[in-house]
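Scroll down for the structure; my scribbles are underneath it.
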Amino acid sequence: MTDRPSPCHCRVLREATRRTTQLYDRHLAPSGLRLGQYSVLAVLARAGPLTVGALAEALVMDRTATSRTLLPLQRDGLVGSGPGRDGRSRALELTPTGRERLAAARPLWLDAQAAFETAYGSEEARDLGRSLTRVVERI
-10 MTDRPSPCHC RVLREATRRT TQLYDRHLAP SGLRLGQYSV LAVLARAGPL TVGALAEALV
50 MDRTATSRTL LPLQRDGLVG SGPGRDGRSR ALELTPTGRE RLAAARPLWL DAQAAFETAY
110 GSEEARDLGR SLTRVVERI
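Numbering (our numbering), first residue to last: -10 to 128.
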């Protein structure tokens, strides 16, 4: 731990994101999912079916990164697509296999949440979540 934080807010956020993602990826590894893939499945379970654009917006990602994350999920039969609400677009949704994989991965994700809170502190984690939500909303 350093006594002198970086003067670049973005650098510190990116470092924290990388470390946190590594923690979650280690916990999710037995499920065969990475954190980004788990997040896609979780959003589709909660809000799907969604177009790629709507999914990207929900994940605060660009469409290209979202499409790259989707490729292995579609290849492995976890995410399927069908006609969108307007009849012209394609909508993404979880397949039954995707729902099963998400359900199997959820306890691993909860373990990652607990590990983060143990390392960082439960109250600090809640405060951090609130602060970062404000960052997302304001910037």
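No residue lacks a Cβ here, since even glycine has one placed at the ideal position from N, Cα and C. Remember, it's a predicted structure, so these values are computed and weren't measured experimentally.
Exercise. Output the distance between the C-alpha atoms of L62 and V68, rounded to the nearest integer angstrom.
Key: 6 Å
Self-check item: DSSP state of S70 mapped onto helix, strand, coil
Solution: strand
Quiz item: Who does A47 pair with in a DSSP beta bridge?
Solution: Per DSSP, none; premise fails for A47.
Quiz item: What whole-angstrom Cβ distance do G81 and V41 have, given they're in contact under 8 Å?
Solution: The residue you asked about is not Gly; residue 81 is Leu in the sequence shown. Confirmed, about 7 Å.
Quiz item: Which residues does DSSP pair with L81 in a beta bridge?
Solution: L39 and S70
Quiz item: Quick one: Cα of E106 to Cα of E126, how far?
Solution: 23 Å
Self-check item: Integer Cβ distance of L24 from A94, believed to fall under 8 Å
Solution: The Cβ separation is near 10 Å, so there is no contact.
Quiz item: DSSP three-state call for P(-6): helix, strand or coil?
Solution: coil
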